[in-house]
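Chemist: Structure in structure tokens, see below.
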Amino acid sequence: MLITYKQKLYKNDKNRRIDTLLRRYGVFYNHCIALHKRYYRLFKKYLKLYDLQKHITKLKKTHRYAFLKTLGSQTLQDLTERIDKAFKKFFNKQAKLPRFKKVANYKSFTFKSQIDKKTGLNKGVGFEIKDNVVSFNGYSYKFIKTYALIGQVKTLTIKRDNMGDYFLCLVCELENNPNKQTACGKSVGFDFGLRTFLTGSDNTKIESPLFFSQYLPLIKRLSKNLSKKVKGSNNFKKLKRN
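When the letters of the sequence shown are read in order and numbered with my numbering, they come out as residues 2 to 243.
Printed below as a string of structure tokens:
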């Protein structure tokens, strides 16, 4: 059984390094898309995954794509596999043709794990997790550990959402499906309402948190500041990200 844990990284200036990594993955992604299209235009054939991954070794030796050496081999492999699946779906008429992405909007990259021959357990390749700290590409980042991780880690995905927050998504494999039990042995049903957010069968009432109303003054102020910036400028991007 596979289960996904999503944990949020603490906000820190070091997170800008993740932005740099995402831009590099975005450049490589667009290069692979262009290569697929050019290959089909010249040879009227589908570019095989093996040939695409073999091409990475040549790219790393060029000055223009030397930055690929700073990216994990497992992450590049995962990216090419996802592109390969996307083009297979297109040729099988199951999806539209994969498109280029804005480098600034590229959002995620994924590490894989492999079985350690000595222990027989999964071991992260290019990343390490200890307590509430995740390390990759030579740097460590703290995350908000809301619950204990159970099972062996299969993949780790670093993701940035539209608000500029960073998350790590861990896919773990469990040997058995753990039996879920209530904490106190009691159960209660809740009904959603317009005036009262939730009303329990035991007459417990939970009022609506009204997050939007709470943050509306801040949203108005930030929106006003953003409208004064030149769209596409560094100040515009910085304010939008933060």
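Where is the CB? At the ideal position from N, CA and C, for every residue including glycine.
(1) Could you tell me whether any non-hydrogen atom of the ligand SAM is closer than 7 Å to the CB of Ser224?
(2) Cβ atoms of Phe112 and Leu157: under 8 Å apart, would you say?
(3) In terms of residue numbering, what span does the beta strand (DSSP E) encompassing Asp20 cover?
(4) Take Lys61 as the anchor and find which of Lys206, Lys70 and Phe91 has the nearest alpha-carbon.
(5) How big is the Cα-Cα spacing for Leu1 and Leu175?
(6) With a 10 Å radius around its C-beta and 16 neighbouring C-beta atoms as the bar for buried, classify Ile84 as buried or exposed.
(7) Determine the burial state of Ile151: buried for a count of at least 16 other Cβ atoms within 10 Å of its Cβ, exposed for fewer.
(8) For Tyr11, which residues in the same chain have their Cβ closer than 8 Å to its Cβ, ignoring the five residues on either side in sequence?
(9) Under the rule that 16 or more other beta-carbon atoms within 10 Å means buried, what is Tyr140, buried or exposed?
(10) To the nearest angstrom, report how far apart Phe1 and Pro218 are at their CA atoms.
(11) If we ignore side chains and look at the alpha-carbon of each, how far apart do Ser109 and Ser202 end up?
(12) Mind checking who Val134 pairs with in its DSSP beta bridge?
(13) Excluding sequence positions up to five away, which residues of its chain have a Cβ less than 8 Å from the Cβ of Lys230?
(14) Hey, how far is the Cα of Leu223 from the Cα of Gly165?
(15) My assumption, with CB atoms under 8 Å, is that Cys33 sits in contact with Leu50. Please give the rounded CB distance.
(16) When you compare each of Lys90, Leu171 and Thr76 to Lys9 by their alpha carbons, which one comes out closest?
(17) Using the C-alpha atoms, what's the distance from Lys187 back to Thr76?
(18) In this structure, how does DSSP classify Phe193 when only helix, strand and coil are distinguished?
(19) Spatial neighbours of Thr1 within its chain, please: CB distance less than 7 Å, with the 5 preceding and 5 following residues excluded, ordered by chain position.
(20) Between the C-alpha atoms of Gln153 and Ile4, what's the straight-line distance to the nearest angstrom?
(21) Look up Tyr167 in the DSSP assignment and give the residues it is bridged to.
(22) Where does the unbroken beta strand (DSSP E) through Tyr51 begin, and where does it stop?
Modeler: Let me lay it out:
(1) With respect to the ligand SAM, the structure offers nothing, as it holds no ligand at all.
(2) Contact: yes.
(3) Bounds of any beta strand (DSSP E) do not take in Asp20; it lies within the alpha helix (DSSP H) bounded by Arg17 to Phe44.
(4) Closest in alpha carbon position to Lys61, among Lys206, Lys70 and Phe91, is Lys70.
(5) Only positions 2 to 243 of the chain appear in the structure, and residue 1 is not among them; the question remains open.
(6) Buried: at least 16 other Cβ atoms inside 10 Å.
(7) Note on Ile151: under 16 other CB atoms within 10 angstroms of its CB, so exposed under the neighbour-count rule.
(8) So the list reads Tyr142, Lys143, Phe144 and Ile145, once near-sequence residues are dropped.
(9) Exposed.
(10) The chain is shown only over 2 to 243; residue 1 falls outside these bounds and no answer can be derived.
(11) Straight-line spacing of the CA atoms in Ser109 and Ser202 works out to 42 Å.
(12) In the DSSP output, where bridge partners are listed per residue, Val134 has Lys131 and Lys143.
(13) Closer than 8 Å at the Cβ level, and outside the excluded window around Lys230, lie Asn236, Phe237 and Leu240.
(14) The straight-line gap from Cα to Cα measures roughly 15 Å.
(15) That belief does not hold up - the Cβ atoms of Cys33 and Leu50 are roughly 11 Å apart, past 8 Å.
(16) Here the closest residue by C-alpha is Leu171.
(17) Taking the straight line from one Cα to the other gives about 45 Å.
(18) For Phe193, the three-state secondary structure derived from DSSP is strand.
(19) Here the chain has residues from 2 to 243 only, and residue 1 is not among them.
(20) Each residue's alpha carbon lies about 10 Å from the other.
(21) Partner(s): Arg161.
(22) Segment Leu50 to Lys61 is the alpha helix (DSSP H) holding Tyr51; no beta strand (DSSP E) there.
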